[in-house]
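Residue numbers (the numbering used here), protein chains in the order written: chain A, 1 to 120; chain B, 121 to 240.
We put the CB at the ideal spot given by N, CA and C, even for glycine.
In this text, all values refer to a predicted model and were calculated from it rather than measured experimentally.
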């Protein structure tokens, strides 16, 4: 199981790489066979190529991420964070939960935000 | 699937009932066969009787909950919230994710907080 420090650093890197426009650095946090469900309830995306494309598109849309509170760890293989996504003309409030494998890579990301969590 | 409004109201009721010391009101938000894992990585507790006992003990310890940011929904059956637990002599930062059944009851609660998320 990865350390608390490793998981929290990965989530901070996720935020920083996103804001730096570096989709490859974000997808590099994921295992090859990772799955993301963003938002929860929509069809998941599997595999690093699709995941990198997802972030490339999100970054191209002008989104920037700001943490709402300190990143949380767990007593297991998960870490979580509450953050705000500012996109030109829109703001989304989200909570992402990341599950890690023994190699310290993210194997699953669940993004909790609903239709009511968007402000325009 | 329960509405966004229903799920968010349940999470707000969870906070309010906890702070009012009403463990029965919290356990009433759960389905009979619900499972809580608090914190993630510890053995889960199953069933409403055990769940109510868990909250009775937490309330007896003097814990109070404060939301760190607005409650999030999803496009599915989950809602999530980041909050701070203030206990005499201790502060814990947590993110809880609740999964609901079709009747609007919580069937699963995952509490994300690790050893590094405690301040004394």
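Quiz item: What separation, rounded to the nearest whole angstrom, lies between the Cα atoms of residue 44 of chain A and residue 143 of chain B?
Solution: Counted from its first residue, the first chain places residue 44 of chain A at position 44. Counted from its first residue, the second chain places residue 143 of chain B at position 23. Going by the C-alpha atoms only, they are around 36 Å apart.
Quiz item: Apart from the five residues just before and just after residue 156 of chain B, which ones in its own chain have a Cβ nearer than 7 Å to its Cβ?
Solution: Within the second chain, the letter at position 36 stands for residue 156 of chain B. So the qualifying residues of the chain are 164, 165, 171, 174, 229.
Exercise. Could you have a look at residue 64 of chain A and say whether DSSP puts it in helix, strand or coil?
Key: Mapped onto the first chain, residue 64 of chain A falls at position 64. Strand at residue 64 of chain A.
Quiz prompt | residue 140 of chain B: first and last residue of the uninterrupted beta strand (DSSP E) it sits in | solution = Taking the second chain and counting its residues from 1, one reaches residue 140 of chain B at position 20. Where residue 140 of chain B is concerned, there is no enclosing beta strand (DSSP E), given that its DSSP letter is neither H nor E.
Exercise. Go through its chain and collect everything with a Cβ distance to residue 126 of chain B's Cβ below 7 Å, but skip five positions before and after it.
Key: The residue given as residue 126 of chain B occupies position 6 in the second chain. Closer than 7 Å at Cβ, skipping near neighbours: 224.
Quiz item: Since residue 95 of chain A contacts residue 192 of chain B with CB under 8 Å, what's their CB separation in whole angstroms?
Solution: Locating residue 95 of chain A in the first chain gives position 95, where the first residue counts as 1. Locating residue 192 of chain B in the second chain gives position 72, where the first residue counts as 1. Between the beta-carbon of residue 95 of chain A and that of residue 192 of chain B there is about 5 Å, and that keeps the pair under the 8 Å contact cut.
Quiz item: Quick one: does residue 118 of chain A have its CB under 7 Å from some CB of chain B?
Solution: Here residue 118 of chain A refers to the residue found at position 118 of the first chain. Closer than 7 Å: no.
Quiz item: Between the C-alpha atoms of residue 181 of chain B and residue 137 of chain B, what's the straight-line distance to the nearest angstrom?
Solution: Looking up residue 181 of chain B in the second chain gives position 61. Looking up residue 137 of chain B in the second chain gives position 17. C-alpha separation (whole angstroms): 15 Å.
Practice problem: For residue 34 of chain A, count neighbouring Cβ atoms within 10 angstroms of its own Cβ and tell me buried if that reaches 16, exposed if not. | Solution: Taking the first chain and counting its residues from 1, the one referred to as residue 34 of chain A is at position 34. When all chains shown are included, residue 34 of chain A counts as buried.
Self-check item: Residue span of the beta strand (DSSP E) that contains residue 232 of chain B, given as start and end
Solution: Taking the second chain and counting its residues from 1, the one referred to as residue 232 of chain B is at position 112. Element bounds for residue 232 of chain B: 226 to 232.
Quiz item: Any beta-carbon of chain A closer than 7 Å to the one on residue 232 of chain B?
Solution: For the purposes of this step, residue 232 of chain B is identified with residue 112 of the second chain, where counting begins at 1. True, the Cβ-Cβ gap to chain A drops below 7 Å.
Quiz item: Is residue 149 of chain B near residue 199 of chain B, with beta carbons less than 7 Å apart?
Solution: Mapped onto the second chain, residue 149 of chain B falls at position 29. Mapped onto the second chain, residue 199 of chain B falls at position 79. Cβ atoms of residue 149 of chain B and residue 199 of chain B: not closer than 7 Å.
Self-check item: Rounded straight-line distance, which links the Cα of residue 77 of chain A to that of residue 47 of chain A
Solution: By one-based count along the first chain, residue 47 of chain A stands at place 47. By one-based count along the first chain, residue 77 of chain A stands at place 77. So the two alpha carbons sit approximately 20 Å from each other.
Quiz prompt | CB contact check: residue 74 of chain A to chain B, cutoff 7 Å | solution = The residue you call residue 74 of chain A lines up with position 74 of the first chain. Yes, residue 74 of chain A counts as interfacial toward chain B.
Quiz item: Just reading off the beta strand (DSSP E) that residue 98 of chain A is part of, what are its end residues?
Solution: As a first step, residue 98 of chain A is located in the first chain; it is residue number 98 there, counting from the start. Unbroken beta strand (DSSP E) run through residue 98 of chain A: 90 to 100.
Exercise. Check each candidate in B:213, B:207, B:194 and name the one with the smallest Cα separation from residue 81 of chain A.
Key: The residue labelled residue 81 of chain A in the question sits at position 81 within the first chain. Ranking the options by Cα distance to residue 81 of chain A, first place goes to B:213.
Exercise. Give me whichever residues DSSP pairs with residue 83 of chain A in a beta bridge.
Key: Here residue 83 of chain A corresponds to residue number 83 of the first chain, with the count starting at 1. Note: residue 83 of chain A sits in a beta bridge opposite A:67, A:94.
Quiz prompt | Beta-carbon proximity list for residue 64 of chain A, same chain, < 6 Å, skipping 5 on both sides | solution = The residue given as residue 64 of chain A occupies position 64 in the first chain. Closer than 6 Å at Cβ, skipping near neighbours: 19, 86.
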